[in-house]
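A short worksheet on the structure shown next.
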Amino acid sequence: QVEIRKINAPAGKAKFGPANAQGVRTYATSCFIKEALDKGAQIFKWDERKARSGQRQGSKVRGSGVVISSYNAGSVGFDGLFVIKPDGRMYIQTGIGNLGTESWSDCQRVSAEMLGVPWEKVNITWGDTSKNLPWSCVSGGSQTTHAMTRAAHATASDAIKKLQQIAANDLGGRPEDYVVANERVSRKGGGASMTLARAAQRAIELGGIYDGHEVPKEINAFTKRSAAALAGQGLMGVARDTYPHDGNSLSFVASFAEVEVDVETGVYHIVDFLAVADVGTVIHPAALGGQILGRSMLGIAHAIGQKWVYDQHYGVALAKRFHYNKPPTILDAPTHMDWAAVELPDPETPVGARGIGEPPVAAGCCAVLNAISAALGDEVFRRAPVNLDCILMALEAGKPMMDPLTANV
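Going letter by letter, the sequence shown gives residues 25 to 433 in my numbering.
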């Protein structure tokens with residue numbers, strides 16, 4: 025299972041994915057799924073688990089499966105906006121909402137780090153269009169990390185350029201003679217410098233592009249209105265992501281699962297689960313791990329129990345409430361569950377990071393289905409969910425049972 029996926033995995037400029045609006049198949053900006061498979065196989069001890077797949081002890085039999093999944097993970101062309109005020113603090117505006125993924129703040133760390141501002145001195149206003157926010161991407165669909173780290177990088181670069189110009193104007197020399205770090209604008213090699221707080225005050229005095237009274241033409245009209253409302257408060261960083269982008273930005277996940285099936289009762293449980301993500305640069309490991317495992321559980325739920333069934337005569341849904349279509353609980357989680365990341369940056373985005381929300385879902389579901397098939401036979405299951413009725417009917421009939429309304433009685 026691992027080797028054939030490595031053979032079929034895209035690499036370089038190989039055509040991958042569906043055709044675009046012009047009918048042309050493109051390629052991924054980067055794909056390190058082979059590395060993800062290798063890393064996962066090592067951590068999961070794939071060769072050992074593969075060797076015992078299908079081996080029966082009493083009424084129990086184990087099986088292991090692996091799957092790769094991908095999803096578009098890269099919007100481009102959005103804006104960033106922040107103000108450094110004379111109090112030395114950085115006030116970042118973002119349209120990203122707080123969905124629990126922490127993208128509303130994680131993406132903005134890019135700007136703070138580029139300017140050398142401690143996170144403790146950063147204020148973020150987010151997700152409220154009445155509070156002078158820039159044009160931002162949707163908060164979902166695996167788009168946020170890629171889109172908004174690019175915008176944050178562009179905005180920080182704009183602010184750095186302005187800070188260098190202010191320092192050269194006040195302290196002499198050329199703008200390129202200065203660097204921005206540790207809350208200061210300093211001459212390279214030592215010498216004259218000024219604090220960001222002082223530079224912010226000078227931006228107000230100079231006006232124009234420095235304090236936001238003049239903004240780039242290419243930014244969105246929504247951002248222009250927000251910038252106008254914040255103008256004159258300090259040094260403004262405002263920019264649109266215009267970085268080049270060659271290819272289709274996709275994130276990938278390789279998921280591994282081992283299940284143990286009781287062939288007498290049809291009951292099975294997931295013994296171990298591992299998801300390895302190829303998402304470029306990891307900007308917040310804890311948040312990334314939370315998304316990978318959480319979304320994997322959503323996929324596992326599709327495999328083990330969540331089932332949409334429609335009446336074949338009337339066409340009405342028979343599982344339209346949570347008590348008919350039960351979400352997973354902690355009792356449904358794998359006995360052991362872990363994640364890892366390849367941590368190789370995407371070369372087509374300045375920070376190297378992509379989103380991760382969607383890819384673990386399909387991988388979580390199908391890794392479990394493949395593991396069940398490895399335990400009971402390759403042709404047993406090609407459907408979801410697989411519950412004990414499915415297993416018992418298939419074992420008794422000696423063939424796959426695909427009727428969604430079939431029950432073991």
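The beta-carbon is built from N, C-alpha and C at its ideal position, and this holds for glycine as well.
Predicted model only: the values in this text are computed from it and were never measured.
Residue i - DSSP class collapsed to helix/strand/coil
i	result
residue 26	helix
residue 359	coil
residue 275	strand
residue 225	helix
residue 65	helix
residue 117	strand
residue 319	helix
residue 407	coil
residue 180	helix
residue 34	coil
residue 259	strand
residue 305	coil
residue 81	strand
residue 200	helix
residue 170	helix
residue 190	helix
residue 111	coil
residue 243	coil
residue 92	strand
residue 219	strand
residue 433	Below a pLDDT of 50, predicted positions are generally treated as unreliable, and residue 433, at 48, falls in that range; the measurement from the model is reported next regardless. Note: residue 433 maps to coil in three-state DSSP.
residue 353	coil
Rounded Cβ spacing between residue i and residue j (contact assumed at less than 8 Å)
i	j	result
residue 270	residue 53	7 Å
residue 262	residue 168	In fact, because the Cβ distance is near 20 Å, the residues do not count as touching under 8 Å.
residue 258	residue 110	6 Å
residue 392	residue 327	4 Å
residue 94	residue 322	No, residue 94 and residue 322 are not in contact; Cβ-Cβ is about 16 Å, not under 8 Å.
residue 365	residue 298	Wrong, their Cβ atoms sit about 12 Å apart, outside the cutoff.
residue 166	residue 97	4 Å
residue 51	residue 37	5 Å
residue 207	residue 220	5 Å
residue 324	residue 351	11 Å between Cβ atoms; not a contact.
residue 118	residue 148	6 Å
residue 156	residue 253	4 Å
residue 412	residue 289	7 Å
residue 358	residue 294	4 Å
Residues near residue i by beta carbon distance below 6 Å, same chain, minus five either side
i	result
residue 292	283 and 285
residue 99	161, 167 and 171
residue 435	No answer is possible for residue 435: it lies beyond the span of the chain, which begins at 25 and ends at 433.
Alpha-carbon spacing of residue i relative to residue j, whole angstroms
i	j	result
residue 280	residue 141	40 Å
residue 301	residue 346	30 Å
residue 30	residue 70	14 Å
residue 27	residue 399	19 Å
residue 349	residue 329	7 Å
residue 103	residue 190	23 Å
residue 121	residue 420	51 Å
residue 255	residue 236	5 Å
residue 35	residue 56	7 Å
residue 370	residue 151	27 Å
residue 303	residue 82	42 Å
residue 232	residue 264	18 Å
residue 228	residue 377	34 Å
residue 40	residue 239	39 Å
residue 146	residue 205	15 Å
residue 137	residue 184	12 Å
residue 61	residue 379	19 Å
residue 242	residue 134	22 Å
residue 343	residue 113	53 Å
residue 433	residue 84	Here the model assigns residue 433 a pLDDT of 48, short of 50, so the residue's position is not dependable, and the following value carries that caveat. Near 22 Å, if we compare the C-alpha coordinates of residue 84 and residue 433.
Cut-off 7 Å between Cβ atoms - residues of its own chain near residue i, not counting five sequence neighbours on either side
i	result
residue 198	192
residue 203	210 and 212
residue 374	174, 177 and 267
residue 130	307, 308 and 311
residue 386	93 and 323
residue 389	323, 324, 326, 327 and 408
Assigned exposure category for residue i - 16 Cβ within 10 Å defines buried
i	result
residue 33	buried
residue 381	buried
residue 332	exposed
residue 360	exposed
residue 182	buried
residue 394	buried
residue 74	buried
residue 372	buried
residue 272	buried
residue 143	exposed
residue 225	buried
residue 8	Because the chain in this structure spans residues 25 to 433, residue 8 falls outside the shown range and cannot be described.
residue 42	exposed
residue 319	buried
residue 355	exposed
Proximal residues to residue i (C-beta, below 8 Å), its chain only, five neighbours per side dropped
i	result
residue 305	367, 369, 370, 375, 376 and 377
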